[in-house]
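**Student:** Residue numbers for the sequence shown follow my numbering, so the first one is 18 and each next one is one higher.
Here a beta-carbon is modelled for each residue, glycine too, at the ideal position from N, C-alpha and C.
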Amino acid sequence: MSTLRKLQVVSPVPADIDIANSVQPLHISEIAKELHLSPTHYDLYGKYKAKRLSEDASRLINTGDETNIKSTFGDSFSNEMVVDLNVFGASMELIRWGMHELSNLIHSEGDVRAYDGKILEGTNNTPIVLLSVIDELEGSADGYYVVVGGITPTPLGEGKSTTTVGLCQALGAFLDKKVVTCLRQPSQGPTFGIKGGAAGGGYSQVIPMDEFNLHLTGDIHAITASNNLLAAAIDTRIFHESTQTDKALLNRLCPPDKEGKRTFSNIMFRRLKKLGISKTKPEDLTPQEVNKFARLDIDPDSITWRRVMDVNDRFLRKITVGQGPEEKGMVRETGFDISVASEIMAVLALTTSLADMRERLGKMVIGNSKAGDPVTADDLGLGGALTVLMKDAINPTLMQTLEGTPVLVHAGPFANIAHGNSSIVADKIALKLVGPGGFVVTEAGFGADIGTEKFMNIKCRYSGLMPQCAVIVATIRALKMHGGGPQVVAGKPLDRAYLTENVPLVEAGCVNLARHISNTKAYGVNVVVAVNMFATDSEAEVNAVRNAALSAGAFDAVLCSHHAHGGKGAAFLLLDKDLRVAVGWDVDGVGVDLGIAVQKACENVTQPLKFLYPLDISIKEKIEAIAKSYGASAVEYSEQAEKQIEMYSKQGFSGLPICMAKTQYSFSDNASAKGAPTGFILPIRDVRASIGAGFIYPLVGSMSTMPGLPTRPCFYDIDLDTSTGKVIGLS
Numbered sequence: 018m019s020t021l022r023k024l025q026v027v028s029p030v031p032a033d034i035d036i037a038n039s040v041q042p043l044h045i046s047e048i049a050k051e052l053h054l055s056p057t058h059y060d061l062y063g064k065y066k067a068k069r070l071s072e073d074a075s076r077l078i079n080t081g082d083e084t085n086i087k088s089t090f091g092d093s094f095s096n097e098m099v100v101d102l103n104v105f106g107a108s109m110e111l112i113r114w115g116m117h118e119l120s121n122l123i124h125s126e127g128d129v130r131a132y133d134g135k136i137l138e139g140t141n142n143t144p145i146v147l148l149s150v151i152d153e154l155e156g157s158a159d160g161y162y163v164v165v166g167g168i169t170p171t172p173l174g175e176g177k178s179t180t181t182v183g184l185c186q187a188l189g190a191f192l193d194k195k196v197v198t199c200l201r202q203p204s205q206g207p208t209f210g211i212k213g214g215a216a217g218g219g220y221s222q223v224i225p226m227d228e229f230n231l232h233l234t235g236d237i238h239a240i241t242a243s244n245n246l247l248a249a250a251i252d253t254r255i256f257h258e259s260t261q262t263d264k265a266l267l268n269r270l271c272p273p274d275k276e277g278k279r280t281f282s283n284i285m286f287r288r289l290k291k292l293g294i295s296k297t298k299p300e301d302l303t304p305q306e307v308n309k310f311a312r313l314d315i316d317p318d319s320i321t322w323r324r325v326m327d328v329n330d331r332f333l334r335k336i337t338v339g340q341g342p343e344e345k346g347m348v349r350e351t352g353f354d355i356s357v358a359s360e361i362m363a364v365l366a367l368t369t370s371l372a373d374m375r376e377r378l379g380k381m382v383i384g385n386s387k388a389g390d391p392v393t394a395d396d397l398g399l400g401g402a403l404t405v406l407m408k409d410a411i412n413p414t415l416m417q418t419l420e421g422t423p424v425l426v427h428a429g430p431f432a433n434i435a436h437g438n439s440s441i442v443a444d445k446i447a448l449k450l451v452g453p454g455g456f457v458v459t460e461a462g463f464g465a466d467i468g469t470e471k472f473m474n475i476k477c478r479y480s481g482l483m484p485q486c487a488v489i490v491a492t493i494r495a496l497k498m499h500g501g502g503p504q505v506v507a508g509k510p511l512d513r514a515y516l517t518e519n520v521p522l523v524e525a526g527c528v529n530l531a532r533h534i535s536n537t538k539a540y541g542v543n544v545v546v547a548v549n550m551f552a553t554d555s556e557a558e559v560n561a562v563r564n565a566a567l568s569a570g571a572f573d574a575v576l577c578s579h580h581a582h583g584g585k586g587a588a589f590l591l592l593d594k595d596l597r598v599a600v601g602w603d604v605d606g607v608g609v610d611l612g613i614a615v616q617k618a619c620e621n622v623t624q625p626l627k628f629l630y631p632l633d634i635s636i637k638e639k640i641e642a643i644a645k646s647y648g649a650s651a652v653e654y655s656e657q658a659e660k661q662i663e664m665y666s667k668q669g670f671s672g673l674p675i676c677m678a679k680t681q682y683s684f685s686d687n688a689s690a691k692g693a694p695t696g697f698i699l700p701i702r703d704v705r706a707s708i709g710a711g712f713i714y715p716l717v718g719s720m721s722t723m724p725g726l727p728t729r730p731c732f733y734d735i736d737l738d739t740s741t742g743k744v745i746g747l748s
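1. On the three-pair Cβ rule with 8 Å, is the region 397–405 touching the region 681–689?
2. Just to confirm before moving on: does the CB-CB distance between Gly584 and Asp633 stay below 8 Å?
3. Counting Cβ pairs closer than 8 Å, one from the region 459–469 and one from the region 422–442, do we hit at least three?
4. What does the Cβ neighbour count give for Arg113, buried or exposed, with the cut at 16 atoms within 10 Å?
5. Ends of the beta strand (DSSP E) at Met416?
6. If you pair each beta-carbon of the region 525–541 with each one of the region 234–246, do three or more pairs fall below 8 Å?
7. DSSP on Ser719, reduced to helix/strand/coil?
8. Within the chosen definition, does the region 179–188 reach the region 609–627 through at least 3 CB pairs nearer than 8 Å?
9. Just the C-alpha distance for Val328 and Leu747, rounded to the nearest angstrom, thanks.
10. On the DSSP bridge assignment, give the partners of Arg279 in chain order.
11. Exposed or buried, Ser93, counting other C-beta atoms within 10 Å across all chains shown (16 or more means buried)?
12. Taking all protein chains shown into account, decide if Gly692 is buried (16 or more other Cβ within 10 angstroms of its Cβ) or exposed.
13. Thinking just about the alpha-carbon of each residue, which of Lys291, Ile240, Lys296, Glu556 is nearest to the one in Phe281?
14. With a threshold of 7 Å on Cβ separation, who are the neighbours of Met675 within its own chain once the five nearest residues in sequence on each side are excluded?
15. Rounded to the nearest angstrom, how far is the Cβ of Gly526 from that of Gly500, given a contact under 8 Å?
16. Measuring alpha carbon to alpha carbon, tell me which of Gly718, Pro694, Phe670 ends up nearest Lys679.
17. Hey, Val562 and Leu496: beta-carbon distance below 8 Å or not?
18. Any idea if Asn385 is buried or exposed, counting beta-carbon neighbours within 10 angstroms, 16 or more meaning buried?
19. In the DSSP assignment, what residue or residues form a beta bridge with Thr337?
20. Look up Phe712 in the DSSP assignment and say whether it is helix, strand or coil.
21. If you draw a straight line from the C-alpha of Ala574 to the C-alpha of Phe456, how long is it?
22. Short check: CB of Thr351 to CB of Leu233, under 8 Å?
23. According to DSSP, is Ala495 part of a helix, a strand, or is it coil?
24. Can you look up Ala438 in the DSSP assignment and give me helix, strand or coil?
25. Which complete beta strand (DSSP E) runs does the region 458–502 hold, if anything under 3 residues is left out?
26. Across the region 345–359 and the region 317–336, are there enough close Cβ pairs to call them in contact, namely three or more that are closer than 8 Å?
27. Look up Ala375 in the DSSP assignment and say whether it is helix, strand or coil.
28. Under the DSSP definition of a beta bridge, which residues are partnered with Ala706?
29. Would Met226 pass as a contact of Ala491 if the rule is Cβ separation under 8 Å?
30. Output needed for Val488: all residues of its chain with C-beta closer than 6 Å, excluding positions within five of it in sequence on either side, in chain order.
31. Tell me the DSSP bridge mates of Asn549?
32. Give the straight-line distance between the Cα atoms of Ile168 and Thr369, rounded to the nearest whole angstrom.
33. Answer with buried or exposed for Arg269, where buried requires no fewer than 16 other C-beta atoms within 10 angstroms of its C-beta.
34. Run through DSSP, which three-state label would Val615 get?
35. Run through the region 618–675 for me and flag every whole alpha helix (DSSP H) of 4 or more residues, listed as ranges in chain order.
36. Throw me the rounded Cβ distance for the Leu9 and Gly156 pair, which I believe falls under 8 Å.
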């Protein structure tokens with residue numbers, strides 16, 4: 018337990034970045050010692066970065082046979098160190114049991130969970146966990162699986178990430194449980210836009226916070242590059258097909274080698290098989306076969322693949338391309354999405370192996386031929402190249418919380434316009450590492466109506482994993498808004514209604530919480546409500562929320578002050594007299610803490626996982642099942658949506674789950690409709706298909722897949738202290 022870090026909290030709570038920067042890193046050699054690695058086992062790359070051994074060297078080291086190590090590698094030993102370890106110094110402190118226990122696993126004789134030294138590699142100040150861990154821990158029992166969602170939020174956010182981190186700090190640092198937090202990598206869109214970063218906040222954060230929010234290990238950049246390479250290939254193929262004969266296309270696609278022989282590249286055999294052509298030499302193709310093979314004949318009007326970038330830019334929502342004189346009038350209308358809305362991000366989140374990712378990337382449909390046949394990334398010859406660009410991104414990044422508990426960061430946010438959950442890979446690795454009695458806490462984006470719904474009906478379907486508990490994060494502020502309180506606007510001071518006690522307003526807003534509880538319970542999990550406490554909340558208001566939650570069927574409802582007190586605030590607020598005095602509450606009050614409530618909820622689950630809809634019904638029936646959970650009385654489809662649904666059904670894609678793109682600010686399509694609206698008609702503007710990821714993607718109302726910047730974005734506050742090199746103003 019030497020890696021535990023005891024927080025020295027102060028009041029008022031400092032800025033998030035100041036708290037994160039207050040932790041000083043140890044030299045990487047101190048981290049290596051915790052892993053039982055001697056200086057002969059790694060090469061230093063600066064103070065906080067080192068290279069791990071190659072696979073063969075690591076295996077020998079893990080057996081402790083230094084004689085064999087030296088005899089095997091001799092003087093060249095240090096040159097064999099090829100994989101980044103790069104653990105983050107003091108902030109890492111080998112993350113509590115995470116690294117400490119993993120090192121014990123390595124050296125445990127006969128332990129079936131020993132991983133042959135493949136657990137870590139990385140760049141900058143963070144390691145990544147290799148995918149091979151899943152295979153090497155196969156057969157080990159899983160820990161408890163907990164998903165954290167929320168009520169319908171205000172534009173300020175209700176502290177879902179903060180609660181996720183605080184809960185894990187409570188479980189690990191105070192309740193002595195093995196725990197791994199699984200979070201999504203933040204997008205730079207909100208980081209520089211309205212909402213800020215997603216590392217949590219106060220004394221419940223992931224560190225190093227600036228690296229977590231900015232670039233990290235480059236996964237989102239890899240997605241951006243992959244997505245835009247495919248976009249470029251689409252327009253380029255249309256251009257070249259418009260100017261060349263079938264024979265000329267074939268000759269350029271299969272150029273002669275030095276001996277004048279033409280061959281198909283490996284990826285071309287996928288298209289040949291799809292077309293039912295068994296020939297292996299280009300010269301053996303008939304003219305008809307040449308036409309079928311070489312000419313994709315993409316219908317420009319059918320293209321659904323858009324370019325992406327990881328910033329908010331409303332002016333890129335609708336653009337034209339091909340206006341250069343050399344493109345010979347190949348102008349078409351398209352647009353940009355934010356990078357995390359790319360299907361490639363969803364592929365990363367839902368894949369289960371490198372081979373699975375390769376297949377999913379190749380199956381991504383970008384549009385149709387003029388004959389109505391789907392055109393895929395593999396048809397464009399790009400599936401393999403995309404996999405190469407994404408090969409490192411498939412490995413989760415290992416980080417830590419302020420209190421030294423481990424965090425796996427993988428996949429991306431935005432459950433309103435994307436899948437919005439952390440990856441299956443990260444969750445599976447974490448469940449094996451914590452083992453029976455341990456906890457994996459994963460976060461689902463925005464409210465439970467979209468994030469948790471997609472977690473259950475999409476992610477759990479593909480992973481085969483079953484959660485035991487779902488946490489719903491609520492705030493008094495958001496419940497007052499849903500009860501009829503004034504509009505909450507980011508960047509503007511809160512109305513007095515949110516700063517003074519108003520129990521009736523809270524009670525009225527609990528209809529929103531009650532619907533989220535009812536919807537989530539229907540999946541067969543126990544629901545725990547976490548009330549994220551603010552200084553202006555009164556005891557009477559919190560009691561009103563607790564009573565409403567229990568009446569709606571929650572397993573428990575718990576007050577949390579993890580922002581101000583770290584894991585202790587999620588573990589002992591209602592049991593710790595000193596904390597109760599600190600917030601000015603009745604010292605004799607009683608209750609249960611979030612960590613214990615989640616533990617009890619996991620231990621007492623009695624039902625199997627239930628999905629909201631079966632996969633063998635029509636696309637419309639699945640959309641309508643989800644709409645009913647929102648409170649809609651009917652669904653209305655635009656002409657474009659009807660056309661797309663008919664096409665995807667004919668193409669054989671109707672058996673996929675549904676990923677709704679809908680506003681996060683209401684159960685309905687109308688962001689101003691608060692509380693728990695009923696009887697509304699849900700409009701479906703368009704329907705897209707993410708075939709590689711494995712879902713149909715309806716767009717509800719005016720939902721945009723490229724956010725815009727506000728009048729006063731977060732970037733006004735962000736700067737660099739040039740004397741220390743530290744980031745300031747990041748939230």
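**Tutor:** Checking against the coordinates, here is how it stands:
1. Not touching, per the Cβ criterion.
2. It is not a contact, given that the beta carbons lie outside the stated cut-off.
3. With contact defined as three or more Cβ pairs closer than 8 Å, the region 459–469 and the region 422–442 are in contact.
4. Low confidence applies to Arg113: its pLDDT is 34, below 50, so where it sits in the model is not reliable, and the reading given next is rough at best. Result: buried.
5. Looking at the DSSP string, the run of the beta strand (DSSP E) that includes Met416 is 414–418.
6. As far as the Cβ criterion goes, the region 525–541 does not touch the region 234–246, which means the pair count is below three.
7. Coil at Ser719, not helix or strand.
8. At 8 Å Cβ cutoff, the stretches touch.
9. Cα to Cα, Val328 sits roughly 16 Å from Leu747.
10. The partner list for Arg279 (beta bridge, DSSP) reads Pro273.
11. With a pLDDT of 35 at Ser93, under the threshold of 50, the predicted position of this residue should be treated as unreliable, though the coordinate-derived value follows. Within 10 angstroms of the beta-carbon of Ser93 lie fewer than 16 other beta-carbons, which makes it exposed.
12. With 16 or more other Cβ atoms from the protein chains shown falling within 10 Å of its own Cβ, Gly692 counts as buried.
13. Minimum Cα distance to Phe281 is reached at Lys296.
14. It is worth fixing the name first, because residue 675 is Ile in this sequence and not Met. Around Ile675: Lys639, Ile640, Ile643, Phe712, Ile713, Pro715.
15. Sure, about 3 Å apart at Cβ, within 8 Å.
16. Minimum Cα distance to Lys679 is reached at Gly718.
17. Going by C-beta atoms, Val562 is nearer than 8 Å to Leu496.
18. Only buried fits Asn385, as 16 or more other CB atoms lie within 10 angstroms of its CB.
19. Answer is Glu350.
20. If DSSP states are grouped into helix, strand and coil, Phe712 belongs with the strands.
21. In this structure, the alpha-carbon of Ala574 lies about 19 Å from that of Phe456.
22. Against a cut-off of 8 Å, the Cβ pair of Leu233 and Thr351 comes out as no contact.
23. Ala495 carries a helical assignment under DSSP once its states are collapsed to helix, strand and coil.
24. Ala is not the amino acid found at residue 438; the sequence shown has Asn there. For Asn438, the secondary structure class from DSSP, reduced to helix, strand or coil, is strand.
25. Whole beta strand (DSSP E) segments, 3+ residues: 486–491.
26. Yes, since at least three Cβ pairs between the region 345–359 and the region 317–336 fall closer than 8 Å, the two stretches touch.
27. The question names Ala, but residue 375 is Arg in the sequence shown. Arg375 falls in the helix class under three-state DSSP.
28. Beta-bridge pairing links Ala706 to Ile713.
29. For Met226 and Ala491, no; Cβs fall outside 8 Å.
30. So the list reads Val165, Val545, Ala547, once near-sequence residues are dropped.
31. The partner list for Asn549 (beta bridge, DSSP) reads Cys577.
32. Roughly 30 Å between the two C-alpha positions.
33. By the 10 Å Cβ count, Arg269 comes out exposed.
34. Helix.
35. Those alpha helix (DSSP H) runs which fall completely within the region 618–675 and span 4+ residues are 636–647, 656–667.
36. Because the chain here runs from 18 to 748, residue 9 falls outside it and cannot be looked at.
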